[in-house]
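S.K.: Under our numbering, residues 1 to 262 are what the sequence shown spells out, in order. For each residue, glycine too, the CB sits at the ideal point set by N, CA and C.
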Amino acid sequence: MTVQVTQEQAEAYQRDGAVLVRGLFADRVEELRQGVEKNMADPGQPMATLKPGEAGRFFDDYCNWNRIAEFEAAIRDPGVAEAAARLMSSDRVQLFHDHVLVKEPGTSKPTPWHTDGPYYFVEGRQTVSFWCPLDPVREASLRCVAGSHLWEKDVLPTRWMSETDFYPGDHDYIPVPDPEAEGMRILEWEMEPGDAVAFHYRTLHGTRGNVTDRRRRAFSLRLVGDDARYVERPGPTSPPFPGHGMQAGQHLREDWFPVLRG
Numbered sequence: 001m002t003v004q005v006t007q008e009q010a011e012a013y014q015r016d017g018a019v020l021v022r023g024l025f026a027d028r029v030e031e032l033r034q035g036v037e038k039n040m041a042d043p044g045q046p047m048a049t050l051k052p053g054e055a056g057r058f059f060d061d062y063c064n065w066n067r068i069a070e071f072e073a074a075i076r077d078p079g080v081a082e083a084a085a086r087l088m089s090s091d092r093v094q095l096f097h098d099h100v101l102v103k104e105p106g107t108s109k110p111t112p113w114h115t116d117g118p119y120y121f122v123e124g125r126q127t128v129s130f131w132c133p134l135d136p137v138r139e140a141s142l143r144c145v146a147g148s149h150l151w152e153k154d155v156l157p158t159r160w161m162s163e164t165d166f167y168p169g170d171h172d173y174i175p176v177p178d179p180e181a182e183g184m185r186i187l188e189w190e191m192e193p194g195d196a197v198a199f200h201y202r203t204l205h206g207t208r209g210n211v212t213d214r215r216r217r218a219f220s221l222r223l224v225g226d227d228a229r230y231v232e233r234p235g236p237t238s239p240p241f242p243g244h245g246m247q248a249g250q251h252l253r254e255d256w257f258p259v260l261r262g
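1. So, Pro-133 versus Pro-193, is the Cβ gap smaller than 9 Å?
2. Three or more C-beta pairs under 8 Å: does that hold for the region 47–66 against the region 16–33?
3. Please classify Glu-232 as buried or exposed, where buried requires at least 16 other C-beta atoms within 10 Å of its C-beta.
4. Please classify Glu-139 as buried or exposed, where buried requires at least 16 other C-beta atoms within 10 Å of its C-beta.
5. Opposite Val-122 in the DSSP bridges: which residues?
6. Mind pulling the beta strand (DSSP E) runs of 3 or more residues that sit fully within the region 10–34?
7. How would you label Gly-169, buried or exposed, when you count the other beta carbons within 10 angstroms and need 16 or more for buried?
8. What residue does the alpha helix (DSSP H) around Glu-70 start on, and which one ends it?
9. Once DSSP output is grouped into helix, strand and coil, what is the label at Pro-236?
10. Determine, using beta carbons only, whether Asp-213 and Gly-106 come nearer to each other than 9 Å.
11. Find the nearest neighbour of Thr-127 within the set Val-137, Asp-135, Asp-116, judged by alpha-carbon distance.
12. Output the boundary residues of the alpha helix (DSSP H) element that contains Leu-187.
13. Candidates Val-155, Gln-45, Gly-243, Arg-76: which alpha carbon is nearest Gly-262's?
14. Taking DSSP as the reference, what is the three-state secondary structure of Gly-79?
15. Is it true that the CB of Leu-50 sits closer than 9 Å to the CB of Lys-109?
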């Protein structure tokens with residue numbers, strides 16, 4: 001099944017920085033679940049997400065597509081690249097990285113509000129992340145602030161465990177806002193396995209904690225388009241990709257970051 005992104009969805013993505021695409025990965029759900037189990041059994045670059053004493057388990061790992069065949073198969077699905085191209089209004093679609101996030105039952109800690117862009121070494125107007133749950137989502141959902149991708153400045157990147165600035169020194173970022181207290185429009189959807197929220201790298205987002213008795217497994221895919229270029233940051237990025245050898249202003253190197261369309 002190939003899901004066609006409508007003109008209305010593409011316009012909503014450009015306007016709001018986030019849109020729901022029903023069933024984008026519907027044919028890949030069982031395959032991706034198998035991939036997540038392999039990933040959890042043999043992590044690549046797992047990140048610490050919970051402080052001592054915090055309830056539950058939050059598994060968080062990325063950049064495993066080239067060693068987990070189930071992830072690569074989903075990433076190279078032409079329908080996914082076509083959807084990304086339409087949302088980004090881009091001929092070219094290039095992989096940046098994959099990301100797995102699993103909140104086990106009783107993991108009450110929410111994922112803090114943040115934007116992904118400042119953590120990355122790539123910038124451009126044409127970017128998209130797909131967040132695809134592999135379990136039905138009611139309470140432990142992704143939340144996106146409508147229009148935040150159009151803000152003049154980026155949101156301050158922080159280290160979630162230590163609650164310190166991600167990069168040293170002074171930077172021209174805005175403080176992390178409190179969207180609910182400030183009355184911002186928050187987009188949030190109930191989702192079925194295989195649905196996907198598409199959101200821009202500069203979109204402010206976070207997720208609720210999982211206080212249910214059900215797992216919440218999610219597969220995320222980060223893609224870039226025509227105008228995306230490597231940029232220098234004031235410190236190691238996340239993901240870091242050591243030894244990449246790229247220079248500011250270049251497209252991401254295609255042997256590390258495959259072109260999926262265009």
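M.R.: Reading it off the structure:
1. Going by beta carbons, Pro-133 and Pro-193 fall inside the 9 Å limit.
2. The answer is no - the region 16–33 does not touch the region 47–66, with fewer than three Cβ pairs under 8 Å.
3. With fewer than 16 other Cβ atoms from the protein chains shown falling within 10 Å of its own Cβ, Glu-232 counts as exposed.
4. So Glu-139 counts as exposed.
5. Residue pairing by DSSP places Val-122 opposite Tyr-230 in a beta bridge.
6. 18–21, all fully within the region 10–34.
7. Here Gly-169 is exposed, its C-beta having fewer than 16 other C-beta atoms within 10 Å.
8. It spans 69–75 - the alpha helix (DSSP H) in which Glu-70 sits, taken as one unbroken run.
9. Reduced to three states, the DSSP call for Pro-236 is coil.
10. Yes. Within cutoff.
11. Checking every option, the nearest Cα to that of Thr-127 belongs to Asp-116.
12. Boundaries for Leu-187: no alpha helix (DSSP H) harbours it, while the beta strand (DSSP E) harbouring it runs 186–188, taken from the DSSP string.
13. Among Val-155, Gln-45, Gly-243, Arg-76, the Cα nearest to that of Gly-262 is on Arg-76.
14. Note: Gly-79 maps to helix in three-state DSSP.
15. It is a contact, given that the beta carbons lie within the stated cut-off.
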